[in-house]
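J.: I'd like to ask some things about the structure below.
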Amino acid sequence: MSLRTDITRAIADARDRAVASGALTIPGGAPLPAIGLERPAQPEHGDWASNAAMQLAPVARSAPMRIAETLVANLEAPPSVADVAIAPPGFLNIRLDPAWVAAQVGPIREAGEAYGRNLVETPRRINVEFVSANPTGPLHIGNARGAFVGDVLSRVLTAAGHAVTREYYFNDFGGQVKALGASVRALRAGDPIPEDGYRGEYVKEMVASVPDEVVRAAEAATGDEVDWVYGRWASEVQRLGIEQSLAALGVGFDVWKTESSIHDEGWVSRGVERLREAGYVFENEGATWFRATSFGEDQDRVINRSNGQPTYFAADIGYVSEKFSRGFDELIYVWGENHHGAVARLVHAAEALGHDPDAVRILLYSWVRFVREGEAVSMSKRSGEFIGLDDLMREVGADAVRWFFSSRAFTSGIDFDLELAKKQSSENPVYYVQYAHARASSILRNAAEGGTPPDAGRTGELLAHPAELELIRHLLDFPDTVAIAAERRETHEVPRYAYELASAFSAFYRDCKVLTDDASLSSARLALVDATRAVLANALDLLGISAPDSM
RNA sequence: GCCCCCGUAGCUCAGCGGAUCAGAGCGAGGGACUUCUAAUCCCUAGGUCGCAGGUUCGAAUCCUGCCGGGGGCGCCA
Numbered sequence: 009m010s011l012r013t014d015i016t017r018a019i020a021d022a023r024d025r026a027v028a029s030g031a032l033t034i035p036g037g038a039p040l041p042a043i044g045l046e047r048p049a050q051p052e053h054g055d056w057a058s059n060a061a062m063q064l065a066p067v068a069r070s071a072p073m074r075i076a077e078t079l080v081a082n083l084e085a086p087p088s089v090a091d092v093a094i095a096p097p098g099f100l101n102i103r104l105d106p107a108w109v110a111a112q113v114g115p116i117r118e119a120g121e122a123y124g125r126n127l128v129e130t131p132r133r134i135n136v137e138f139v140s141a142n143p144t145g146p147l148h149i150g151n152a153r154g155a156f157v158g159d160v161l162s163r164v165l166t167a168a169g170h171a172v173t174r175e176y177y178f179n180d181f182g183g184q185v186k187a188l189g190a191s192v193r194a195l196r197a198g199d200p201i202p203e204d205g206y207r208g209e210y211v212k213e214m215v216a217s218v219p220d221e222v223v224r225a226a227e228a229a230t231g232d233e234v235d236w237v238y239g240r241w242a243s244e245v246q247r248l249g250i251e252q253s254l255a256a257l258g259v260g261f262d263v264w265k266t267e268s269s270i271h272d273e274g275w276v277s278r279g280v281e282r283l284r285e286a287g288y289v290f291e292n293e294g295a296t297w298f299r300a301t302s303f304g305e306d307q308d309r310v311i312n313r314s315n316g317q318p319t320y321f322a323a324d325i326g327y328v329s330e331k332f333s334r335g336f337d338e339l340i341y342v343w344g345e346n347h348h349g350a351v352a353r354l355v356h357a358a359e360a361l362g363h364d365p366d367a368v369r370i371l372l373y374s375w376v377r378f379v380r381e382g383e384a385v386s387m388s389k390r391s392g393e394f395i396g397l398d399d400l401m402r403e404v405g406a407d408a409v410r411w412f413f414s415s416r417a418f419t420s421g422i423d424f425d426l427e428l429a430k431k432q433s434s435e436n437p438v439y440y441v442q443y444a445h446a447r448a449s450s451i452l453r454n455a456a457e458g459g460t461p462p463d464a465g466r467t468g469e470l471l472a473h474p475a476e477l478e479l480i481r482h483l484l485d486f487p488d489t490v491a492i493a494a495e496r497r498e499t500h501e502v503p504r505y506a507y508e509l510a511s512a513f514s515a516f517y518r519d520c521k522v523l524t525d526d527a528s529l530s531s532a533r534l535a536l537v538d539a540t541r542a543v544l545a546n547a548l549d550l551l552g553i554s555a556p557d558s559m
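Written out as C-alpha cells, the structure is:
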C-alpha cells in the first residue's frame, strides 16, 4: 500500500522467518515489540532506518548487532529497496533503488486526486462533532480553533477512507437561551440587562428587528415563558448567523442537531431509563443522579435537578445514544479543554449504556490566548467584549488563519498575536506552499503552449538528479502522512509535510530546468511537475486551503 | 488539596511508545534577479530541551519531586 508499510512488513517477515528457523529465539514467548521505521536526518543513513534489532534485543536476549545481521540474512527486500546496511548500535539503514523511485512518477500522477486517499483497510463510520458553540451570539475567535481542528481532522479522516459525518450540536435548551431572551426583553423595555445577560452590540441589533409575531407571543406569555419566547427566537437568529459564518470559512457540516430535539424525541428519557435498568441511576435530595463513582469517579453526577430541569449531562446521555443508533463505530468530540471535567462522565455514561467506551473519543484542544500588542484580549459573549471570527478572517486572511491553527498540536496552548499575525501575514508559510503550486501550474501552462506534453513513461531512466529523486521521495511520503495523521487523530503533520514538499520542489526548480532542448527529459520532468502539483493540491485540500494556479 | 494539558533558539511552535534529533518557520546579519513566477534561492547567528533526582549501555523523550503558565474539580454550559 505504501512504502512504509512495505518495508515494515518485509522486516517483520524477516523477523518471523528467523524465529521460525531458530535463527532468532524469543525466550518465554515474550510479546514482540513494534518495528520502528523512520526517515533519518542524515542522508548517509539511507532513506529509511529501522531500530528493530535494538527493540528486539531485550526480548531476544541477544546483541543488537547480531540480531541486525540475522534480520538482514532473512530479509526479502521489496523491489523498492536497493540495499540494507547495518550500523552500530544495530540500525538497519535502508537505501531505496533510485530507478524504482524515479519510476513512481507515473503511478502518482495517474492517481492524481486519489493519491493519498482510501488508505485504511477497515473504514470506520465516524461522527465528528465540533464547534457546537452556544447560539447566544456570533462565533468569535475563541471558537476558531475548534472549527479548524474539527474541519481538518474530518478532511483527513475522510481522505484516509473513513466515512465521516460532521456534526454541530446546538445547545438551545439551557439557561443561556433564557438569559439571552431576558436580555432582549430588558432592552426592549428599556430595563437594565440582567446580571447573567448578554451585552454585545449584536443583541441591540436583534432587538431592533424582533418580528411582530414574536412580540405577540411574548405578550401572550407569562412569567419566565416571556424570556423563553424571546430566547428561542434570538437563538434561532444567532444559529443562522453561525451557519453562515462557518460556511464562509469553508467549514461544512452534514448534520445540525439541537439539544431540544434530543429531548423532544425521547432520547434523554429512554437513555436515562436504560441506565436506571442497569442500576446506575438513583434519586437523592430530589434530584436524579448517575452513579459515576461506579466507574471510579470521585463523585456522582446529577442528571435531573431537584427543580425538575435536566442538566446538560442529561442531554449528553440522550445524545450519545442517538449517535450510536445511527450506526457509528466511533464518536469524536472536539471540545475546548474547559470541558475537561465532563469527559469522564460522558465516557462512563456511554459505557453504562452498553457501548464501547473506546469508541467515544474526546479531543480537548487547549485555549488560544489572543494578544494584541502584548495585551491579552478577553473573550466573553456575556460582556459583549469579543472579536468576531468573521473579523479575524478579514483582518488576517482565511488561509493564514487556517494554517496557523492546523500547524500546531491541538494539545498545545498557543498565543495568537493579532498584530503580529497581520504583520506576518505576507510572510506566512502558507503562501510558500501556494506559491509552489502556482509555479508548477505556470510551468505546465508554458509547456502546453509550447507543445511539450508530460510523459511519465521513462522517468525511471531519465530522472536521476538528486533534486529530482528527493522530490519524488517526498511525493512518496504523502500517503503515510495522511495515514498517520488519521490514525493519531492529529493533523499538524500535514502542513509540515506540505511545506517540506514545497521546499523540495523549489530545490528541484532551482537545480533542474524543466523545459529544455531535450524533449524526452522535458517530458519526464513535466510529468514530475504535474505529479508534484497534484500532491500539493491534495495536501492543501486536506487543510481546506486553496491551491491557486497563479499568484 | 486533587486531576488534565503545557514549559525546547529572540518570537511562534515541531520532535516526546528512548539511540540515526538539537529542529522548522518568523525575526536578526550577509549574498543572489537580462528567471520555466524573486511570494524564490544560498550563507551566517542561537538553545544546560523549566529545575533536581532516578531508570537505562544510551533520556528533550520514561518515572518521581519541585518551579512556572493554562484549564478543570457545580443541581453552569
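In my numbering, the protein residues as written are 9 to 559.
Don't be surprised by glycine CBs; every beta carbon is placed ideally from N, CA and C.
Only a predicted model underlies this, so the values are computations on that prediction, with no experimental measurement involved.
Under 8 Å by Cβ, that's how I've got Tyr341 and Leu371 pegged, so tell me the actual separation to the nearest angstrom.
T.: Yes, they are in contact, since the Cβ atoms of Tyr341 and Leu371 sit about 7 Å apart, within 8 Å.
J.: If we require 3 or more residues per run, which beta strand (DSSP E) segments fall completely within the stretch 202-276?
T.: For the stretch 202-276, whole beta strand (DSSP E) runs of length 3 or above, ordered along the chain, are 263-266.
J.: Thinking Val136 and Arg174 are a contact (beta carbons under 8 Å), I'd like their distance in whole angstroms, please.
T.: Contact holds; Cβ gap of about 5 Å.
J.: For a minimum of 4 consecutive residues, which ranges assigned as the alpha helix (DSSP H) are wholly contained in the stretch 71-118?
T.: Those alpha helix (DSSP H) runs which fall completely within the stretch 71-118 and span 4+ residues are 72-81, 106-110.
J.: Any contact between the stretch 146-159 and the stretch 107-126? By contact I mean 3 or more CB pairs, one from each, below 8 Å.
T.: Not touching, per the Cβ criterion.
J.: Taking all protein chains shown into account, do 16 or more other C-beta atoms lie within 10 angstroms of the C-beta of Glu476, making it buried, or fewer, making it exposed?
T.: It is buried - the Cβ of Glu476 has at least 16 other Cβ atoms within 10 Å.
J.: For Leu400, collect the residues of the same chain with a Cβ closer than 7 Å to its Cβ; drop the 5 residues on either side in sequence, then sort them by chain order.
T.: Correct list, in chain order: Ile149, Ala152, Val409.
J.: Could you tell me the alpha carbon to alpha carbon distance between Asp91 and Ala491, rounded to whole angstroms?
T.: Taking the straight line joining both Cα atoms gives about 26 Å.
J.: Starting from Val379, trace the beta strand (DSSP E) both ways and give me its first and last residue.
T.: 376-380 is the span of the beta strand (DSSP E), which, as asked, contains Val379.
J.: Should the stretch 274-289 be regarded as contacting the stretch 218-235, the criterion being three or more beta carbon pairs within less than 8 Å?
T.: Contact fails: fewer than three Cβ-Cβ distances are below 8 Å.
J.: Pairing CB atoms from the stretch 169-187 with CB atoms from the stretch 311-328, are three or more of them under 8 Å?
T.: Touching, yes, given that three or more Cβ pairs across the two stretches are closer than 8 Å.
J.: Are Gly124 and Phe516 close, meaning C-beta to C-beta below 7 Å?
T.: No, they are not a contact pair.
J.: With a threshold of 16 other CB atoms inside 10 Å of the CB of Gly189, please say whether the residue is buried or exposed.
T.: So Gly189 counts as buried.
J.: With burial defined as no fewer than 16 other Cβ atoms inside 10 Å of the residue's Cβ, what is the status of Arg117: buried or exposed?
T.: Flag for Arg117 reads buried.
J.: Cα-Cα, which of Leu354, Lys265, Ile250 is closest to Phe298?
T.: If we check each option's Cα against that of Phe298, Leu354 comes out closest.
J.: Would you tell me roughly how many angstroms separate the C-alpha atoms of Ser414 and Val502, rounded to the nearest one?
T.: Cα to Cα, the separation comes out at about 8 Å.
J.: Would you check if the distance between the CB atom of Glu427 and the CB atom of Arg377 is smaller than 7 Å?
T.: No, the Cβ-Cβ distance between Glu427 and Arg377 is not below 7 Å.
J.: Kindly indicate which three-state DSSP category Phe418 falls into: helix, strand or coil?
T.: Coil at Phe418, not helix or strand.
J.: Applying the 10 Å Cβ sphere with the 16-neighbour rule, what's the burial state of Glu330?
T.: Its Cβ being crowded by 16 or more others within 10 Å, Glu330 is buried.
J.: I'd like the list of long-range same chain contacts for Lys430, defined as Cβ closer than 8 Å, with 5 residues on each side in sequence excluded.
T.: Glu403, Val404.
J.: Can you give me the C-alpha to C-alpha distance between Pro97 and Trp56, rounded to a whole angstrom?
T.: Those two C-alpha atoms are separated by around 16 Å.
J.: Which residues does DSSP list as the beta-bridge partners of Trp411?
T.: Answer is none; Trp411 lacks a bridge partner.
J.: Excluding sequence positions up to five away, which residues of its chain have a Cβ less than 6 Å from the Cβ of His356?
T.: Taken in chain order, the residues that qualify are Ala300, Phe303.
J.: So what does DSSP say about Pro474, is it helix, strand or coil?
T.: In this structure, Pro474 counts as helix in the three-state DSSP scheme.
J.: At what residues does the alpha helix (DSSP H) containing Ile325 begin and finish?
T.: Per DSSP, Ile325 belongs to the alpha helix (DSSP H) from 320-333.
J.: Is the stretch 463-482 close to the stretch 435-442, with three or more CB pairs under 8 Å?
T.: Contact between the stretch 463-482 and the stretch 435-442 is absent, because fewer than three Cβ pairs lie under 8 Å.
J.: So, helix, strand or coil for Ser58, using DSSP?
T.: Strand.
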